[in-house]
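*Asks:* Residue numbers (the working numbering): 1 to 286.
1. Tell me which residue opens and which closes the alpha helix (DSSP H) that residue 46 is part of.
2. Put residue 229 into one of helix, strand or coil per three-state DSSP.
3. Can you list, in chain order, the residues of its chain whose CB lies under 6 Å from that of residue 267, leaving out five sequence neighbours each side?
4. Which runs of the beta strand (DSSP E), 3 residues or longer, sit entirely within the segment 159-218?
5. Classify residue 158: buried if its beta carbon has 16 or more other beta carbons within 10 angstroms, exposed otherwise.
6. To the nearest whole angstrom, what separates the beta carbons of residue 84 and residue 134, a pair I think is in contact under 8 Å?
7. Tell me the rounded alpha-carbon separation between residue 46 and residue 164.
8. Are residue 188 and residue 175 close, meaning C-beta to C-beta below 8 Å?
9. State buried or exposed for residue 281, treating a residue as buried only when at least 16 other CB atoms are found within 10 Å of its CB.
10. Have a look at residue 145 and residue 283 and give me their C-alpha separation to the nearest angstrom.
11. Could you tell me whether the Cβ atoms of residue 66 and residue 98 are closer together than 8 Å?
12. Report buried or exposed for residue 115, applying the criterion of at least 16 other Cβ atoms within 10 angstroms of its Cβ.
13. Measuring CB to CB, does residue 101 end up less than 8 Å from residue 124?
14. Using alpha carbons as the reference points, say which of 265, 200, 278, 110 lies closest to residue 229.
15. Measure the CB-CB distance between residue 155 and residue 63 and report whether it falls below 8 Å.
16. Per DSSP, what kind of secondary structure is residue 111 in: helix, strand or coil?
17. Hey, out of 276, 269, 225, 285, whose CA is closest to residue 38's CA?
18. Near residue 194, what residues of its chain come up, given a Cβ to Cβ distance below 6 Å and the 5 sequence neighbours on each side ignored?
19. Anyone know if the C-beta pair for residue 216 and residue 274 falls short of 8 Å?
20. Can you check the segment 66-113 for any alpha helix (DSSP H) of at least 4 residues that lies completely inside it and give the ranges in chain order?
21. What's the C-alpha gap between residue 141 and residue 54?
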């Protein structure tokens with residue numbers, strides 16, 4: 001149902017676009033929530049679970065930071081009359097540009113192959129251009145997103161090894177408590193700081209971060225999942241995991257859109273990707 005609705009919306013939008021518009025609309029989806037879920041799940045379950053964990057830990061804080069900066073600066077997007085697609089919220093910095101640097105930029109630093117670096121660079125540029133072409137961002141929105149994403153990437157590359165070492169010294173229960181209690185604080189900050197209703201992006205990022213962190217802690221201690229296996233087994237994991245994930249999200253989505261339910265939805269999503277799906281794969285010997 002989710003895929004059908006998305007496909008129908010895609011058809012309606014693309015039917016009103018030129019061929020160039022089609023191209024950039026497809027490109028801009030590489031910065032969408034659905035793509036992040038599908039891509040990170042693929043990396044985590046099939047390619048490299050360690051890389052998947054690190055991508056989660058740079059992308060989710062980037063989503064939170066982007067929403068926070070938008071709420072502080074409150075710079076408008078181009079007027080609706082100039083937009084080829086719909087977009088909500090403030091304009092600066094561009095979340096697509098910032099998050100693309102976080103995701104693709106980090107990926108290029110970990111897979112040090114020339115073709116990977118070139119591909120990731122092209123994707124960052126195309127995703128950024130797509131936001132301007134589709135009329136949902138000004139040039140300065142995109143440039144700001146690229147700069148902030150780059151600064152975040154540099155900081156993450158510098159601090160992540162030290163932070164991982166420090167957290168590694170803590171007891172399991174302490175790490176779980178931090179993962180359970182810290183993300184909600186980062187939701188309460190904008191909730192009480194800004195007069196307007198907070199963006200769902202805060203709930204998505206912090207809910208997924210909390211669930212994924214707890215899942216990773218438990219998986220590393222008790223499960224020790226590895227992507228290693230025959231090509232057939234690794235390929236079979238992905239459609240099975242995504243199918244169950246979509247069913248879970250569909251069921252939770254019917255409960256409503258109030259803040260606790262939204263947070264719980266993304267908490268379960270993070271927990272499923274990092275712990276429940278790997279446990280299922282091991283049980284099924286995939």
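Glycine included, C-beta positions come from ideal geometry on N, C-alpha and C.
*Replies:* In brief:
1. Within the chain shown, residue 46 is the residue found at index 46, counting from 1. It is not in any alpha helix (DSSP H) - residue 46 carries neither H nor E in the DSSP assignment.
2. By 1-based counting over the chain shown, the position of residue 229 is 229. Of the three classes helix, strand and coil, the one that applies to residue 229 here is coil, per DSSP.
3. As a working mapping, residue 267 is identified with position 267 in the chain shown. Around residue 267: 207, 210, 211.
4. none
5. Residue mapping note: residue 158 aligns to position 158 of the chain shown, counting from 1. Flag for residue 158 reads exposed.
6. As a first step, residue 84 is located in the chain shown; it is residue number 84 there, counting from the start. As a first step, residue 134 is located in the chain shown; it is residue number 134 there, counting from the start. Going by Cβ atoms, the distance from residue 84 to residue 134 rounds to 5 Å, so yes, they are a contact pair.
7. Residue 46 sits at position 46 when you count from the first residue of the chain shown. Residue 164 sits at position 164 when you count from the first residue of the chain shown. If you take the alpha carbons of residue 46 and residue 164, they lie about 23 Å apart.
8. Start at 1 with the first residue of the chain shown, and residue 188 comes out as number 188. Start at 1 with the first residue of the chain shown, and residue 175 comes out as number 175. It is not a contact, given that the beta carbons lie outside the stated cut-off.
9. One-based indexing of the chain shown puts residue 281 at position 281. Buried.
10. Numbered from its first residue, the chain shown carries residue 145 at position 145. Numbered from its first residue, the chain shown carries residue 283 at position 283. When rounded, the distance between both Cα atoms is 42 Å.
11. As a working note, residue 66 is residue 66 in the chain shown. As a working note, residue 98 is residue 98 in the chain shown. Going by C-beta atoms, residue 66 is nearer than 8 Å to residue 98.
12. By one-based count along the chain shown, residue 115 stands at place 115. Burial call: exposed.
13. As a position in the chain shown, residue 101 is number 101, starting the count at 1. As a position in the chain shown, residue 124 is number 124, starting the count at 1. Yes. Within cutoff.
14. Taking the first residue of the chain shown as position 1, residue 229 is located at position 229. Looking at the Cα atoms, 278 is the closest of the given residues.
15. Taking the chain shown and counting its residues from 1, one reaches residue 155 at position 155. Taking the chain shown and counting its residues from 1, one reaches residue 63 at position 63. Contact flag unset, no.
16. Position 111 of the chain shown, counting from 1, holds the residue named residue 111. Of the three classes helix, strand and coil, the one that applies to residue 111 here is coil, per DSSP.
17. Here residue 38 refers to the residue found at position 38 when the chain shown is read from its first residue. Closest option to residue 38, Cα to Cα, is 269.
18. For the purposes of this step, residue 194 is taken as the residue at position 194 of the chain shown. Only 71 meet the Cβ criterion.
19. Counted from its first residue, the chain shown places residue 216 at position 216. Counted from its first residue, the chain shown places residue 274 at position 274. Their beta carbons are under 8 Å apart, which means residue 216 touches residue 274 by this criterion.
20. 95-100, 106-110
21. Taking the first residue of the chain shown as position 1, residue 141 is located at position 141. Taking the first residue of the chain shown as position 1, residue 54 is located at position 54. Between residue 141 and residue 54, the C-alpha separation is close to 26 Å.
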